[in-house]
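Quick note: the sequence shown uses the working numbering, first residue 2, plus one each step. Written out below as structure tokens is the structure these notes cover.
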Amino acid sequence: MNQYTPWIERGQTELEYFKERYLEARKKAQVLVEALKKMREFNCGCADIPPRVIADKALEEWEGE
Numbered sequence: 002m003n004q005y006t007p008w009i010e011r012g013q014t015e016l017e018y019f020k021e022r023y024l025e026a027r028k029k030a031q032v033l034v035e036a037l038k039k040m041r042e043f044n045c046g047c048a049d050i051p052p053r054v055i056a057d058k059a060l061e062e063w064e065g066e
């Protein structure tokens with residue numbers, strides 16, 4: 002039974018592949034953390050601004066860095 006091994010297709014070791022995946026996941030998690038911080042910062046008393054708008058703005062800022 003052949004198993005799919007993406008690290009071989011990429012010419013990487015298994016450790017390199019999973020380290021890369023881990024770092025990508027950490028970046029995505031950091032985006033969410035920053036968005037939540039922005040939401041908490043801006044949403045105290047400002048119910049007119051929907052959380053989605055704040056999260057979108059935080060993502061734009063993070064992607065621009």
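Each residue gets a CB set at the ideal place from its N, CA and C atoms; glycine is no exception.
Considering only the alpha carbon of each residue, which of the options lies closest to residue i?
i: Asp35; options: Tyr5, Glu15, Ile9 and Leu60; result: The question names Asp, but residue 35 is Glu in the sequence shown. That would be Leu60, whose Cα lies nearest to the Cα of Glu35.
i: Met40; options: Asp57, Lys29 and Ala30; result: Asp57
i: Leu37; options: Thr14, Glu21, Glu25 and Pro52; result: Pro52
May I ask which residues mark the beginning and end of the alpha helix (DSSP H) holding residue i?
i: Pro7; result: Pro7 to Glu10
Identify whether residue i lies in helix, strand or coil by the three-state DSSP scheme.
i: Pro51; result: coil
i: Gln31; result: helix
Whole-angstrom Cβ separation of residue i and residue j, contact assumed at under 8 Å?
i: Tyr5; j: Arg11; result: Incorrect: roughly 12 Å between the Cβ atoms, too far for contact.
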